[in-house]
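The structure appears below as structure tokens.
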Ligand SMILES: [Zn+2]
């Protein structure tokens, strides 16, 4: 039991749980916003074409088609926005990961003894004392 508590404490303090909790809270708040936008702005427009009823309450023959379409539109908008957010986040991540340009070389290889720590611009090899060809 003590071990279980210890593991739980580690799980909580890892930070993933907090990130997750923040994500869930933001997601539910966001869903409420989208839901209000859809049922308050989008479906009333469709409702204009349905006589004697608002679209959200439209339920011909007892089938709650209005509420269902509301939910579908809400889902599509939410999914599209999350897709865009993921695209932006991934792009930012990839941009960070880009490897830096390799530094310009400061040494060259002697063509006679093949030592590779000869300084750029040297005219004589420090290892075999050969005259080095001029660099372009
Ligand atoms: Zn050399």
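In my numbering, the protein residues as written are 27 to 162. For glycine and all other residues, C-beta sits at the position ideal for the given N, C-alpha and C.
Nearest neighbour of residue 139 by Cα position, chosen from 129, 158, 128, 132, turns out to be 158. Counting along the chain, residue 62 sits inside the alpha helix (DSSP H) bounded by residues 42 to 63. With fewer than 16 other Cβ atoms inside 10 Å of its own Cβ, residue 66 counts as exposed.
According to the DSSP secondary-structure assignment, residue 133 is paired through a beta bridge with 145. By the beta-carbon neighbour count (other beta carbons within 10 angstroms, threshold 16), residue 132 is exposed. When C-beta atoms of the region 99 to 106 are compared with those of the region 45 to 64, three or more pairs fall below 8 Å, so the two segments count as touching. In the structure shown, residue 33 adopts helical secondary structure according to DSSP, grouped into three states.
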